[in-house]
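Protein chains: 4
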Amino acid sequence: MSGNAIGVLFRVVTWGESHGPAIGAIIDGCPPRLALAETDIQQELDRRSPGKLPSASPRKEQDRVEILSGVFEGKTTGTPISLLIRNRDADGAAYDGLRDLFRPGHGDITYQAKYGIRDHRGGGRASGRETAGRVAGGAVARKVIGQAGITVSARTLELGGIAARNLSPAAAVTSPLRCPDPEAEARMLQRLQEARIAGDTLGGIVEIVVRGCPPGLGEPVFSKIDADLAGALMGIGTVKGVEIGAGFAASKMTGSACNDPIGPEGFRTNHAGGILAGITNGSEIVVRAACKPIPSIARPQETIDLQGRPAVVTIGGRHDVSVIPRIIPVCEAMVCIVLADHLLRQRAIDR
Amino acid sequence: MSGNAIGVLFRVVTWGESHGPAIGAIIDGCPPRLALAETDIQQELDRRSPGKLPSASPRKEQDRVEILSGVFEGKTTGTPISLLIRNRDADGAAYDGLRDLFRPGHGDITYQAKYGIRDHRGGGRASGRETAGRVAGGAVARKVIGQAGITVSARTLELGGIAARNLSPAAAVTSPLRCPDPEAEARMLQRLQEARIAGDTLGGIVEIVVRGCPPGLGEPVFSKIDADLAGALMGIGTVKGVEIGAGFAASKMTGSACNDPIGPEGFRTNHAGGILAGITNGSEIVVRAACKPIPSIARPQETIDLQGRPAVVTIGGRHDVSVIPRIIPVCEAMVCIVLADHLLRQRAIDR
Amino acid sequence: MSGNAIGVLFRVVTWGESHGPAIGAIIDGCPPRLALAETDIQQELDRRSPGKLPSASPRKEQDRVEILSGVFEGKTTGTPISLLIRNRDADGAAYDGLRDLFRPGHGDITYQAKYGIRDHRGGGRASGRETAGRVAGGAVARKVIGQAGITVSARTLELGGIAARNLSPAAAVTSPLRCPDPEAEARMLQRLQEARIAGDTLGGIVEIVVRGCPPGLGEPVFSKIDADLAGALMGIGTVKGVEIGAGFAASKMTGSACNDPIGPEGFRTNHAGGILAGITNGSEIVVRAACKPIPSIARPQETIDLQGRPAVVTIGGRHDVSVIPRIIPVCEAMVCIVLADHLLRQRAIDR
Amino acid sequence: MSGNAIGVLFRVVTWGESHGPAIGAIIDGCPPRLALAETDIQQELDRRSPGKLPSASPRKEQDRVEILSGVFEGKTTGTPISLLIRNRDADGAAYDGLRDLFRPGHGDITYQAKYGIRDHRGGGRASGRETAGRVAGGAVARKVIGQAGITVSARTLELGGIAARNLSPAAAVTSPLRCPDPEAEARMLQRLQEARIAGDTLGGIVEIVVRGCPPGLGEPVFSKIDADLAGALMGIGTVKGVEIGAGFAASKMTGSACNDPIGPEGFRTNHAGGILAGITNGSEIVVRAACKPIPSIARPQETIDLQGRPAVVTIGGRHDVSVIPRIIPVCEAMVCIVLADHLLRQRAIDR
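Chains as they are written, first to last, in the numbering used here: chain A, 33 to 383; chain B, 33 to 383; chain C, 33 to 383; chain D, 33 to 383.
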């Protein structure tokens, strides 16, 4: 019940610090007899890897996942799947200067307040590196929901204030920023370059779309599927806002415009984003997550030290200019995990 | 673990349908020796009551809460607090025409898909009436966090597309729409009147502010306090979007503008909305929830019946024109519950 | 997660104190479309009622259960089932003399230590009266597992040191002490009479047998079905020991004698009590619970008061001489709840 | 919520199969700033190691634990502690003959029934080897409760039907069978030797004693500390019975004999085993667990194969003759985990 696990029946626990020996995840509750190989997980991790992404730092993480349990002769056994990723290329000593300083926008100061101790190296547990464990868990979840015909894909809707307008789904899959609007993407790339030169960072908006989801997933009242999706996405460090379907725009609509008329062939519109009263309605599920700019900027910043004295912190090392598009597989992973959990929960009562 | 409970240590379960014999809540995990009377809960329920609110229907709910357990001689005992509210003024027969029709924008069709059965009267379990149980639970939570000096208050930031601009906190407490900008509120009231005449409904945006919250509340990774707040608010039927601090606007900012500089006296700005890496930082917590327009409009709507045949549904009865401001104590309740839970969780490790 | 709920998918919460306004239970996670009426629950409560049981006190509880939610037109809807039982014939003033005294063998002193406050009337939350809520929840569970062909029945194996020897299952159903051995039962009845005259009380052993349970229920490692059964039964106030199958006797056997040989038609013996490695094997599940004598004896006892001073306590009122046979439907209820929960959990992965 | 985790606030997840690459545990919810080194855990694992125990097989496991997260500069950080133990000396091929056969007394047949697949090598997940993860988790729990002055120690009360009579606590710590009665132990050793020669195995009874536990730990009704202890111990594969304090003997006592009189200096007797109404009372907690004989005997046994055809299985390899005394640190670990969890839960409300 501590904050390192998510899900009721399909449950993912992540563990590990940015500069400790390793990070990993346990998937507990995966149905048996599902084909699963390390490559299934590795390919999702590779999507999160900085590689040659225009927004990414040159640090090479080379994450290699190892399945330690729960799979026998290529199939899941129903027992916990333990995944291990050793940390490499992680020089903790580079963070010595930050041992007693709190970086603005980071969890340094709040972890210290909460625990009275913190692993200051690379943000410790609060590092974005932790999301590799989520992506690994999401890869398993994706296989579970894939068996039921459900697919999850995300794309960049906005970056640095530049919005995609002409949405071409095909473009998002292959483009460097996973942006469905090639023209907007060109400007986003330029914006990234400007920010990098200015020693600054950028945020953006990611949209996740779920296709093939059957109606009926989600629990009433407190574990609505939109509630769980919102919680799962807001639990990604960079996310400061989440909306479903028409989202914030719905607050400006009238009921007659916002309601989705129902016809024999299904819903005529999808302002609901595929969810009514917390339960899927068979339409596409559409969720958007607003990501703040990465707080690690290459400029001196005002802060305090462990003793509360004023200080200036300058963050060295090379950092990403934006979480986009690396955050995309993380968003997808969280959505996959929530869906897998609700799929199993529905099966328990669905006779 | 079903969807009718929230919280780990401070746990609220709600139960009941709109037109069943009663609704209620159980609060399990409330600390002992807390002064608690029915009036503490009743006054929160009264805030949710339609009363003479300009946006509300004339239905008189007259909710009276009864404490059935967990309180002895005016103090909590540490055992479950069971709260009962009998349903009154609830004429289920008025819904006979809706037995086989799915109202657009409502959970009728998804509950049918999920369970293969539904109590069609007034939306059954999916009715906004269920939130009375949350408000009752929130009243207890408010007392728990109040002992730690934490206060929670919400206000109307936008209604029907009209935004409050000049925020006067004092105004929000007493004004009919809980709006901090009297000039905007006048226009909101007019807008409500127009919508009522047009047989339509309106949405809006609520902002919840938490003051006095100590740093250190929230769990890492999956039960971050912002994740739990987002899940709790998105779990309110009307909410389609949630944002913390700068929220969606943060996605358009640069890191140098978005980071909150830290000084010896605290944070210089509060774009983080009081939460860093999922843990409170001692600043005000600021959360906004986007509410869709109420789906029960007084106009004929296209739909299907239980057999999938096209139909037109006209919703009779008198309904609210907007969830605002009645949703305000519900939003506050959810925030109080999340905070009470995290306060207790922090105490468990805080020695 | 507080101690007033049990189950993951089929979840029962009980609430209420012995001499408060009411007690009750919520069943969350019951599958939809199950026929359920108040009489289904009432008949189980009646089995727990003292009535004319030879071991019971003359207090007439007249428990009447009311279904407040979760059932529509005679069928469960999948939403929480709230059950209410008003307390009657409960004169709290009779306990005034016990306000500052701790009764030996009761939870008075531990509740005071834990919470710093307690409802002293009739033991408050720790009263055996709380088990009415369990029996009510168990009645719903019994219907859930009954649909899968599973039956649960318990009987008295021992009372006051007198053991049933010739086990006639039919006798147990109708006999006053639910004892399968009429000859032993006659001696038990005499023993009860002697104890009543002596102002003393007796314990005994209950055996619960589950028939028709399919193989495959139970989770590995920490939520084994035997672990959950043991926890559920040991959670009954009176129970001080639990054993499965051969139980304590297994500790004296050799492996060659204890192992149950397997043949094409099934297991040749059942020392395992129907459970192997925490998972049902298709044989009858056999569990025994050892009940201590009721601590409320009609004799003066040494104790201390709230200030720690020596005192003598004499418990007035009329009390049962033994929890047997009233505990039998409680034991059955706990077993039904555990089985219903595991049945649903298995369905989630069983495709 | 799957069956591989235990605890609410102090939570232990174990993972791993007997002959997979590794086994391990995650401890989530450990308080921060606790001194913790690999040696703390290793020494508990060594107690479980067969070493030169008279009841053990010659297989050398050489378990070496590695801390992968949650500890920084020798202290816990409050984040999940991931522990890894690589499997060595594990020749899976030796089990090829058992791929399609179900060993009597083992979980082979029930895992197959539950999951439709199983890792047959060494029992897979159902192997006693999994308990190494528990012992590792228990080592951390022991440090948590140790800070509060609580100690947990277990001893052999009976083996192969031979009971210890003259209990000398000091003897149990150092003796080969952890038996407090040297004379009985000599006979137990002889009994073990006889069983080994006969190709048979033995069971026994372990008693766990908790000292220094403050009153007030345990939750009412369903998460009573005795319920949680019983569930935790019954969840050890070998355990078929659990009793607290007087246990099964209490069922033969009268109330006047069983009640523990209370004096200013504490309880005069301890038939309750330190627990009243599910909450600790400050006395020693006394729990006993009945262990069945190990099912792997060196004799041919009747069984069936995967197709349900009659077969004879002969288990090769070298196996322990009794789980005693290797089960002792496992029993202690489970008790430590339950106590650590309840200690933290109590802190949450104990102001």
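The beta-carbon is built from N, C-alpha and C at its ideal position, and this holds for glycine as well. Owing to the predicted nature of the structure, the values given are computational and were not obtained by experimental measurement.
Three-way DSSP call (helix, strand, coil) for residue i in this model
| i | result |
| --- | --- |
| C:F254 | coil |
| C:Q94 | coil |
| C:Q333 | strand |
| D:C323 | strand |
| C:A289 | helix |
| D:S354 | strand |
| D:L115 | strand |
| D:E105 | coil |
| D:A125 | helix |
| A:E297 | coil |
| C:R38 | In the sequence on display, residue 38 of chain C carries Ile and not Arg. Strand. |
| D:I359 | helix |
| A:R65 | coil |
| D:E190 | strand |
| D:T46 | strand |
| C:T270 | coil |
| B:S185 | strand |
| C:D373 | helix |
| D:G279 | helix |
| B:L77 | helix |
Status (buried if at least 16 other CB within 10 Å, exposed otherwise) for residue i
| i | result |
| --- | --- |
| D:E297 | exposed |
| B:P327 | buried |
| A:Q378 | buried |
| D:N198 | exposed |
| C:E162 | buried |
| B:A126 | exposed |
| B:E76 | buried |
Own chain residues within Cβ distance below 6 Å of residue i, not counting five before or after
| i | result |
| --- | --- |
| D:I196 | As written in the sequence, residue 196 of chain D is Ala, which differs from the Ile given in the question. These residues qualify, in order along the chain: L189, C211, P212, D213, A216. |
| C:A330 | G231 |
| D:R65 | K107 |
| B:I73 | V97, A168, A171 |
| C:P293 | R300 |
| B:Q339 | none |
| A:V31 | The structure shown does not extend to residue 31 of chain A, since chain A is modelled only from 33 to 383, so the question has no answer here. |
7 Å Cβ shell around residue i - same chain, five flanking residues per side excluded
| i | result |
| --- | --- |
| C:D373 | G39, V40, L41, F42 |
| B:R79 | P361 |
| B:G181 | G244 |
| A:S101 | T111, P112, I113, S114 |
| D:E364 | G170, V184, S185, A186, I240 |
| B:N36 | V45, T46, W47 |
Beta-carbon proximity list for residue i, same chain, < 8 Å, skipping 5 on both sides
| i | result |
| --- | --- |
| B:E70 | V97, E98, I99 |
| D:H138 | G155, A158, P327, S328 |
| B:M285 | A278, H303 |
* Asked: Of all the alpha helix (DSSP H) runs that stay within the bounds of the region 196-267 of chain D, which reach a length of 4 or more residues?
  -> 201-206, 214-229, 257-266
* Please list the residues of the region 145-162 of chain D that have a C-beta atom closer than 8 Å to any C-beta atom in chain A, keeping them in chain order. => For the region 145-162 of chain D, residues whose beta-carbon sits nearer than 8 Å to a beta-carbon of chain A comprise K146, Y147, G148, I149, R150, D151, G156, R157.
* Along the region 254-269 of chain D, what residues have a CB closer than 8 Å to any CB found in chain C? -> F254, S255, K256, D258, A259, D260, L261, A262, G263, A264, L265, M266, G267, G269
* Could you run through the region 282-296 of chain A and flag, in chain order, every residue whose CB is less than 7 Å away from some CB of chain B? => A282, S283, K284, M285, T286, G287, S288, C290, N291, D292, P293, I294, G295, P296
* Of all the residues that make up the region 95-113 of chain D, which are near chain B by a beta-carbon distance shorter than 8 Å? -> G110, T111
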